[in-house]
Amino acid sequence: MTASSFFRRVGETLATLVVASIVVYVLVDLLPGDAASVYLGRDGVADPASLERLRTEFGLNRPVITRYLDWVLGVVKGDLGRSFVSEAPVTDLLAPRINSTLILLGMALAIMLPLSVIAGVGSAIRRGSSIDVAIQIFTLTVASMPSFVLGIGFVVVFAFLWPVLPAVSITLTPSSVVLPLTVMVLGWMPFPTRMIRAGVIDAMRSPYVEMAILKGLPRRRQMVKHVLPNAIVPAIHAFALTAASMPAGVVVVEYLFGFQGVGVMLIDSVRARDTPTVQSLTLLLVAFYLLANAVSDFITTLLTPRLRVR
Amino acid sequence: MSSHTFDLTLGSLDIYDYLMHDRRADLKRDSWGIHMVLDESSENNYVRDGILLPSRRDFLGLTGATLVGATLLATGPAHAHPAAKRGGTLRVGVPGGPAASDTLDPHLESVAGLGQAYRQNVYSKLTDMRPDGTFEDQLASSITPNKDATVWRINLRKGVKFHDGTELTADDVIYTFRRILDPANRLKQASGNIDMVDPTGITKTGKYSLTVRLLKPWSDFRAAVGQRYVNIIKRGADGPWTVANSNGTGPFKLQAWTPGAEYRLVAHSAYFEAGKPILAGVRMIAIPDAVARVNALISKQVDAISDLPVTQAPQVRSAGAKVVVNPGGSWTPLVMNTTKAPYTDARVREAMKLLIDREKAVKVALGGFGTVGNDLFARYDELYDASIPQRTYDPVKAKQLLSAAGQLGTTFELATSEAESDFVPLALVFEEGAKKAGVKLSVRKDPADTFWDKTWGVAPFTFSSWGYRGFFTQWQQSFTAYNKEETNWVNDKATKAARLVSQAAATGDLAKRKELAAKAQLLHWEDGGYIIPYFKKKLDAVLPNVKGCEPHVFPALSWYRFKNFSV
C-alpha cells in the first residue's frame, strides 16, 4: 500500500465518521421527549413554564447546529458533558462500562479468531467426512439459535444442574465471564467458520494449488504457502463484519447475564432520554464499526499483492 | 398439548387458587410433594381466559428453574429458621436504572429501587412508615400539634450520631427543611411532601426541639415528614454529593458507589436503635432483567430480590426460596379528565366505572396478586371508608347512564401503553367489558417511553400509577399538588370535598376526622375521575436464610428496612 492510498483510506474513514456523527446527532435529537421532559416527568406536563426554564438551563433551546458543534468539539477533547441529574462527568460514567464491554469483546475475538480458522480449515480439508458434517451441523444449529435461548440453556446447565459457574455476571471475574463469552463466541463463530471453509475449498480447487500438488509439494506447504493466504482474504472481511456487529449484539448477552456494560447503559440512556450519553455511545459503536472495516481493508491489502500497486 | 409443572411444596399460592378454580391446571402428587400441571398448549401465551401466562422468555426461565427446584430443596428445608445471626452481608438484587440518572442527593429522586434503598438505609427521617402503612417516630421522639394542627412541636431523640460522629440537633432538621423548601434547589419530590410547611415559620426552641408552623392546618404532618425524600442531613451539607460527604444517621454508611450499578453499605456502629443493624453490611446490585434477577437468586448469587414478576413466583418457590407477598398498597387507576368532554358529564364517568369487571382485572392484569378496588385510594389508612358499597360490573346501568347523557353512540378512546406492565391487560379487560355492554371503545396504544410526557395528563381517558400513600398525602398529591391534571377534578363537588378534607386535616378528634373524610370520599366515589379497579400485591423473593423481610404496604423488600434483616 502506498502512503497516498493509506492516507486516502484514513481520510475516507474520518469523513464517514463526520457524516455519521451528524446523522447520529440529528436522529437522536429528533426522538420525542428530551432530558428536561423526562427529568420533570409528570410535572413537565403540569407546568410548561418550568419545563421551558429547565430546557434553557440544560441548553436544549439553542439551535441544533450550535449544540452539535459543542458536542463534536467536546467529543474530540474527550469531554462528553455532565449528567443532567447527578452532574457527574459523562466520561466518568462511561469509562467503567466501556472497559467491561471491551474486555468481554476482546476476549471473545481472541477466542473466536483461532477457533474459527481451525474449524473452517479442518472441515474444508476433510470435506464430506464425519468431522466436517459434525462441524457444519453444530455451527448451523448454534447460528440459528437466538443468543438468549443459548444463554438460558447454559445458565440452567452450568449454574443450576451442575453449579460450577455463576448465573449472573455481577462483577468482572474469570468465572463470571465464562458463560457470556461462550454464548458470544458460539453465536458469532459460525459465519467466519463457514467463510473460511468455502475459501479453503475454493483455493484447493484452483489451478495454482493443482500446480503445487503436481510439483509434489508437501501437504503442509501447500496449505501454508498457497491455500491459506488466498482463502483468508474473504475470511478477513467476515471477521471484520462479525467484529463490527459485536458491540450491538452484546446488548442481549449483557442484559441476560446482568453484566454492567455499554449495552445495558445504552438501553437505560435511551429510556431516560439522556441524549448526550446516547449520542456518544452510538458514535462509539459507529467508530468501532469503521475501525474494524478499515483494519480489515488494511490487512487485506497487505496480504493481496495485486491490491498493493493500485 | 404441552404442560408445565409448578412445585407447590412451599405452601399455598394465590396463583394456584385461581388456576385451579378456572380448571386450567391439574394436581399431581409425587415424592417431591404436590405439583400443579398448567396447560401450556396455546400458541399465544399472553392472556388466556383471565389467566396471565408466562411469556415465552419467562417460560424458558421457568422450565430451567423447575429442573433446579430439586437441587436447592435438597440443600435443606426452607422453613427452618435458626436464630438471627449477627454480622454477614446481605446481597440484594434490584432493577436499577441509568447511571446518569443516579445521584447521591438525599432529597432527589434517582434510579428506582437502588436509589430508594440507599436513602432508606443511609439516612433517617423524623418518622418512618410501618409495614401496615402507619408512621412511627424515627429521629423524632414526639411530634405534637397545637389545637388546630397549624403549629407542630418536634422533639428529637437525644444522642443520635451522624456517620461522621457528630450529634443530631434541631439545627440539622431546620437546615434540612430549608434546603428542601428553597425553590432554587428544585427538590420537587421532597418539597412536594412537605409543601404545607411555612419556610419562615421553623423555629428552634432548644438543642433538641423545634416548632414548625404550617401554611394550612394539616393533622397528618407525621406522615408528611416520613415520606421517602424528607431525609435529615447535617447542617451545611450540600452537593456535589460523593461517597465521602454522604453523611446520614441511618443504620448503614455508604462505603462505595457505582452509579446505576452498585451500592456497598457497612453497618453504622453508633446507630441509635439498640441491637440494630444486625447485618455487618449490604451490597445492593442493579440487575435490570427480571429473569436474570431470579437466576441470581436461585443460584444464590444474591440473597434477596425485589420486583419479582407474578409469572416467576412459582419458579422461585419451587427453587426453595421464599416469596414475600406484600399487601396491595399500590394502585393503577384509569383516569378520566373531568374537564374534557365527554368526561365532563358525571353520568359518563359513572358509566365508565361500571364497565370494568374488577375481579377479572385482578386475575388478568395481576395474575391474581391483588384485591378489588372501589374507586377510593389509601386502602390501609384508618380514614378509608369501607362502608361505601362496592362498585361492580353493571353493563345495564352503564348503558342507561350513557343513554341519559346522550352518549350512547359515542366511541370512547382509552389511551394505554406498556409504561407499566398492567396497563395493557387492564385496557383489554376494560375493552371486553365495554364490548359486552355494547359500548363502543377504541384502545390506543402509545409508546411506553414517552407515556408520562405525551399521553398522561394529555389524553382525556388514560392510565396512571401510584404507590401507597395515606389518605391526606394522597388527596394532596392527587388533587392539589403536582399530579392534579390526571383527573382535574375541580367542579363544585370537588370543591366541597376539598373543603371537607381540609376540615378533616384540621381536626384532632379521630371520630370527627373519619366522619368528614367519609363524606369527602363519598363525593369522590360518586363524582371523581378515578376508576380504581384494584390494589396490587407486590412480590419480593428472599433465600430461606434471610430473616426480617416482612410484608410491607410500600414496596419493596419491607420498604428496604435492612436494619431488621439478618442472613
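Line by line, the protein sequences give chains U and S. Counting in my numbering, the first sequence runs without a single skipped number right up to 1063 at its last residue. Counting in my numbering, the second sequence runs without a single skipped number right up to 577 at its last residue. Using N, Cα and C, we set each Cβ at its ideal position, and we do this for glycine too. Computed from a prediction, not measured in an experiment: that's the story for all the values here.
In the DSSP output, what is residue i paired with across the bridge?
{"i": "K332 (chain S)", "result": "S:V552"}
{"i": "N165 (chain S)", "result": "S:S152 and S:S219"}
{"i": "D138 (chain S)", "result": "S:E146"}
{"i": "E525 (chain S)", "result": "None, per the DSSP bridge assignment."}
{"i": "V276 (chain S)", "result": "S:K263 and S:G291"}
{"i": "G380 (chain S)", "result": "S:K546"}
{"i": "K286 (chain S)", "result": "BP columns for K286 (chain S) are empty, so no partner."}
{"i": "S588 (chain S)", "result": "There is simply no residue 588 (chain S) to check, as chain S begins at 11 and stops at 577 in what is shown."}
{"i": "G103 (chain S)", "result": "S:I295 and S:I315"}
Taking the alpha helix (DSSP H) that residue i falls in, what are its first and last residues?
{"i": "R188 (chain S)", "result": "A180 to L191"}
{"i": "T113 (chain S)", "result": "No alpha helix (DSSP H) holds T113 (chain S); DSSP gives it neither H nor E."}
{"i": "V772 (chain U)", "result": "A756 to L783"}
{"i": "G875 (chain U)", "result": "V843 to I878"}
{"i": "P933 (chain U)", "result": "P927 to W941"}
{"i": "K198 (chain S)", "result": "K198 to N203"}
{"i": "L893 (chain U)", "result": "S883 to A896"}
{"i": "S567 (chain S)", "result": "The sequence shown places Leu at residue 567 (chain S), rather than the Ser named in the question. Counting along the chain, L567 (chain S) falls outside any alpha helix (DSSP H), and DSSP gives it neither H nor E."}
{"i": "M1018 (chain U)", "result": "V1015 to R1024"}
Given that residue i touches chain U, what residues does it touch there, using C-beta distances under 7 Å?
{"i": "Q311 (chain S)", "result": "P919, A920, V921 and I923"}
{"i": "D299 (chain S)", "result": "Y1008, L1009 and G1011"}
{"i": "P250 (chain S)", "result": "E840"}
{"i": "I295 (chain S)", "result": "I923"}
Tell whether a beta-carbon distance below 8 Å holds between residue i and residue j.
{"i": "G467 (chain S)", "j": "T497 (chain S)", "result": "no"}
{"i": "L1044 (chain U)", "j": "L1034 (chain U)", "result": "no"}
{"i": "V910 (chain U)", "j": "S922 (chain U)", "result": "no"}
{"i": "A408 (chain S)", "j": "V449 (chain S)", "result": "yes"}
{"i": "R401 (chain S)", "j": "L364 (chain S)", "result": "yes"}
{"i": "M865 (chain U)", "j": "M942 (chain U)", "result": "yes"}
{"i": "L149 (chain S)", "j": "V121 (chain S)", "result": "no"}
{"i": "P470 (chain S)", "j": "N347 (chain S)", "result": "yes"}
{"i": "S340 (chain S)", "j": "Y478 (chain S)", "result": "yes"}
{"i": "R101 (chain S)", "j": "I288 (chain S)", "result": "no"}
Using only the alpha-carbon positions, how far apart do residue i and residue j sit?
{"i": "E146 (chain S)", "j": "L220 (chain S)", "result": "19 Å"}
{"i": "G97 (chain S)", "j": "A277 (chain S)", "result": "9 Å"}
{"i": "N555 (chain S)", "j": "D299 (chain S)", "result": "24 Å"}
{"i": "A233 (chain S)", "j": "V326 (chain S)", "result": "35 Å"}
{"i": "P916 (chain U)", "j": "I315 (chain S)", "result": "20 Å"}
{"i": "A592 (chain S)", "j": "I153 (chain S)", "result": "This structure cannot settle anything about residue 592 (chain S), because the visible part of chain S is limited to 11 through 577."}
{"i": "V132 (chain S)", "j": "Q126 (chain S)", "result": "10 Å"}
{"i": "K464 (chain S)", "j": "G106 (chain S)", "result": "24 Å"}
{"i": "D519 (chain S)", "j": "F482 (chain S)", "result": "15 Å"}
{"i": "S580 (chain S)", "j": "R523 (chain S)", "result": "Past the boundaries of the shown model lies residue 580 (chain S); chain S is included only from 11 to 577, so the question cannot be answered."}
{"i": "N257 (chain S)", "j": "H173 (chain S)", "result": "6 Å"}
{"i": "A1025 (chain U)", "j": "S111 (chain S)", "result": "8 Å"}
{"i": "S568 (chain S)", "j": "S928 (chain U)", "result": "33 Å"}
{"i": "H562 (chain S)", "j": "P141 (chain S)", "result": "4 Å"}
{"i": "P209 (chain S)", "j": "L191 (chain S)", "result": "7 Å"}
{"i": "E525 (chain S)", "j": "A515 (chain S)", "result": "12 Å"}
{"i": "L804 (chain U)", "j": "D787 (chain U)", "result": "10 Å"}
{"i": "D32 (chain S)", "j": "K95 (chain S)", "result": "Below a pLDDT of 50, predicted positions are generally treated as unreliable, and D32 (chain S), at 37, falls in that range; no measurement from the model is reported."}
Please list the partners that residue i has in chain U, where partner means a Cβ-to-Cβ separation under 9 Å.
{"i": "A200 (chain S)", "result": "Ordered by position in chain U, no residue passes the 9 Å Cβ test against A200 (chain S), which lies about 13 Å from the chain."}
{"i": "A127 (chain S)", "result": "Near A127 (chain S) there are no residues of chain U at all, since even the closest Cβ is about 16 Å away, more than 9 Å."}
{"i": "I190 (chain S)", "result": "Per Cβ cutoff of 9 Å: no residues; I190 (chain S) is ~16 Å from chain U at best."}
{"i": "I366 (chain S)", "result": "Those within 9 Å of I366 (chain S) in chain U number zero; the least Cβ separation is about 24 Å."}
{"i": "A306 (chain S)", "result": "P919, A920, V921, I923 and G1011"}
Applying a beta-carbon distance threshold of less than 8 Å, which residues of chain S neighbour residue i?
{"i": "A1025 (chain U)", "result": "G107, P108, A110 and S111"}
List, in chain order, every chain S residue whose beta-carbon is nearer than 7 Å to that of residue i.
{"i": "S1022 (chain U)", "result": "P108 and A110"}
{"i": "L846 (chain U)", "result": "A109, A110 and P269"}
Along the chain, where does the beta strand (DSSP E) that runs through residue i open and close?
{"i": "F473 (chain S)", "result": "F471 to F473"}
{"i": "A996 (chain U)", "result": "Note, A996 (chain U): premise wrong, no beta strand (DSSP E); alpha helix (DSSP H) at L981 to L1009."}
{"i": "S900 (chain U)", "result": "Careful: S900 (chain U) lies outside any beta strand (DSSP E), inside the alpha helix (DSSP H) at S900 to V908."}
{"i": "F433 (chain S)", "result": "Note, F433 (chain S): premise wrong, no beta strand (DSSP E); alpha helix (DSSP H) at F433 to A447."}
{"i": "K455 (chain S)", "result": "L451 to D456"}
In chain U, which residues lie less than 8 Å from residue i when you measure between Cβ atoms?
{"i": "K241 (chain S)", "result": "As written in the sequence, residue 241 (chain S) is Asn, which differs from the Lys given in the question. Near N241 (chain S) there are no residues of chain U at all, since even the closest Cβ is about 17 Å away, more than 8 Å."}
{"i": "N156 (chain S)", "result": "Residues of chain U passing the Cβ test: none, with the nearest at roughly 32 Å."}
{"i": "N255 (chain S)", "result": "In chain order: nothing, as chain U lies at least about 14 Å away."}
Which residues of the segment 432-463 of chain S have a Cβ closer than 8 Å to any Cβ of chain B? Give them in chain order.
Included in the structure are the protein chains U and S, with no chain B among them.
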